[in-house]
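Trainee: Let me begin by handing over the structure; questions about it come next.
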Amino acid sequence: MNVVESLVFHSRLLLLPVLLMCLIEFGQIWYFSPNDYGDVIRSGGDGIFRKILWLLALIAILGHFLRCGLLMVARVLLPLLPFVLWCCLSTILWSVDPLFSLKSVVFWAIASLVAASAAIEVDSKLLLRTLGTFFVVVVLCSFALAVVVPQSGFTRYGNELVLRGFFPHKNVFGWFCAIGGILIIANRQYISTRTSLFFILIITLAILAAQSQTSIVAVTAGLLYIFAVRLLKRCFGDGARAFYAMMISLTLAASVVFYLYPFLLDLVGRDATLTGRTAVWEHYFSYLIHRPVTGLGVGIFSSDTDINLAIGGSVPGFEYQKLHSPHSLYVGLFGEVGFVGLLLFLGGHAYIAIIASFKSNNTWVHCAGALSFLIILAGTAEMRDGIIPGIATIMLIVARGASLRSQFPNAGLYMKNEVA
């Protein structure tokens, strides 16, 4: 083995550490991080942590391509590639800020390629143990911060103090815990019962301490999704029949939600305007409708761009607040990449959440489906996990990569037979 082959072979050791660094960066596990996902783009490259991350990520990705080629990564990302290609086209042809849009696409590519490469090459049991431990350690450290430095670990929400830990907001912390909980519960057979129960207990306590109704709804919805998929496949066997049963169930569920809408709003502590969100959506939409096909450019409404702040600062009733986003992934994507990009985004996630889940009994496939389902669901009221990769997007790609690895066990092995 010469020096180059040795470096290529041993660069696989970087995959897990770099994946965890991506979770820290894009999951906002950073006490001094800004208050929205997009600011990771605006300040991208600043600071020693980010410089190390970009360097190690490029080495790990290049090493993976030299070892295993492009085919497996392409299969992992295939449902989302039409959306990303449209984003690339948008960046080149009609973005109002091409450089900023290019950064957004590049950072999505880095986070996604790291997640896919790690899942393809790392053993599934080791992968889940590492990720589960990571989620729990972050939660325990957040509890410790709240005890040692209460003014940092807690934040005031109304008249109460709630846990936010190392995150900029309690809902960001709650979302992180919700994604970790879904990941562990969906694949609990890969770790011992005692370990999985411990992980679930810690994450549950964190969600309750954060008092994030959004996260409680997300966990509940994700678990119901996994239960429904597995129950329907068990009852109907054939994937097509189970799929049709799922569609009927979703239609019935949507009807129930429609009739129980006021009660459900009270349950999660929201009013009919979703704490003013409907007024924000209407105001943003009145500006965005002028470029319905192309949008204004990738990432424009995911960060504190001049256009975003100008529109957000003129929302009636919010003149004295700084709005960082339209508070809806759908409104934001419509404004960034038009209805074509929005349809491609929803189509990719709908495939993962509905079609792919009924083609397989693999738990990682069901986990990926649950995360896509949550992204679609949470997108109604939050601007997260669009082209700016969030914790759910990264874990979704990890789950798809792990599912493909289980179908092709040799995918993660070094491809050159002459290397021992």
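Take the sequence shown: its position 44, counted from the start at 1, is 44 in my numbering, and no numbers get skipped. Glycine included, C-beta positions come from ideal geometry on N, C-alpha and C.
(1) Select from 178, 189 and 184 the residue whose C-alpha is nearest the C-alpha of residue 212.
(2) Using the three-state DSSP reduction, which class does residue 161 fall into: helix, strand or coil?
(3) Taking residue 21 and residue 53 to be in contact with their CB atoms under 8 Å, please state how far apart those CB atoms are, rounded to whole angstroms.
(4) State yes or no: is the C-beta of residue 97 within less than 7 Å of the C-beta of residue 297?
(5) May I ask which residues mark the beginning and end of the alpha helix (DSSP H) holding residue 21?
(6) Taking 7 Å as the threshold (C-beta atoms), are residue 129 and residue 404 in contact?
(7) Residues in its own chain within less than 7 Å of residue 117 by CB, not counting five upstream and five downstream?
(8) By the three-class DSSP mapping on this structure, what secondary structure does residue 404 have?
(9) Which value, in whole angstroms, describes the spacing of the CA atoms of residue 168 and residue 360?
(10) With a 10 Å radius around its C-beta and 16 neighbouring C-beta atoms as the bar for buried, classify residue 401 as buried or exposed.
(11) Can you tell me whether residue 448 is buried or exposed? The criterion is at least 16 other CB atoms within 10 Å of its CB, across all chains shown.
(12) Could you check which residue in 133, 11, 77 and 83 has the C-alpha nearest to that of residue 191?
(13) Drop a sphere of 10 angstroms on the beta-carbon of residue 144, count the other beta-carbons inside from all chains shown, and report buried for 16 or more, exposed for fewer.
(14) Determine the direct distance from the alpha carbon of residue 159 to that of residue 57, and round the result to whole angstroms.
(15) Entirely within the stretch 147-200 and at least 3 residues each: give me those beta strand (DSSP E) ranges in chain order.
(16) I need the boundaries of the alpha helix (DSSP H) containing residue 72, first residue and last residue.
(17) Give the DSSP-derived three-state secondary structure of residue 213 in the structure shown.
(18) Could you check whether the stretch 181-197 touches the stretch 144-155, counting it as contact only if at least three pairs of C-beta atoms, one from each stretch, sit closer than 8 Å?
(19) Grab the span of the alpha helix (DSSP H) containing residue 350 for me, first residue to last.
(20) In terms of alpha-carbon separation, which member of 100, 371 and 13 lies closest to residue 223?
(21) How should residue 91 be labelled, buried or exposed, when 16 other C-beta atoms within 10 angstroms of its C-beta is the threshold for buried?
(22) Could you give the DSSP three-state label for residue 395: helix, strand or coil?
(23) Any contact between the stretch 294-313 and the stretch 345-361? By contact I mean 3 or more CB pairs, one from each, below 8 Å.
(24) Given this structure, state the Cα-to-Cα distance separating residue 12 from residue 121, to the nearest angstrom.
(25) Exposed or buried, residue 310, counting other C-beta atoms within 10 Å across all chains shown (16 or more means buried)?
(26) Could you spell out the range, first to last residue, of the alpha helix (DSSP H) harbouring residue 432?
(27) Rounded to whole angstroms, how far is the Cβ of residue 302 from the Cβ of residue 325, which I believe are closer than 8 Å?
(28) Who are the Cβ neighbours of residue 399 in its own chain at under 6 Å, not counting the five residues just before and after it?
(29) When the Cα of residue 110 is compared with those of 25, 79, 125 and 141, which residue comes out closest?
(30) I need the DSSP call for residue 324, collapsed to helix, strand or coil.
(31) Please list the terminal residues of the continuous alpha helix (DSSP H) segment that includes residue 364.
(32) Is it true that the CB of residue 94 sits closer than 7 Å to the CB of residue 389?
(33) In three-state DSSP terms, what is residue 306?
(34) Give me the Cα-Cα distance between residue 339 and residue 333, rounded to the nearest whole angstrom.
Mentor: Result, derived from the coordinates:
(1) 178
(2) strand
(3) 5 Å
(4) yes
(5) 15-26
(6) no
(7) 15, 60, 61, 64 and 73
(8) helix
(9) 38 Å
(10) buried
(11) The chain is shown only over 1 to 420; residue 448 falls outside these bounds and no answer can be derived.
(12) 133
(13) exposed
(14) 43 Å
(15) 154-157 and 160-163
(16) 71-77
(17) helix
(18) no
(19) 329-350
(20) 371
(21) buried
(22) helix
(23) no
(24) 8 Å
(25) exposed
(26) Look at the range of the chain in this structure, 1 to 420, and you will see that residue 432 is not part of it.
(27) 7 Å
(28) 364, 367 and 368
(29) 25
(30) coil
(31) 363-378
(32) no
(33) helix
(34) 8 Å
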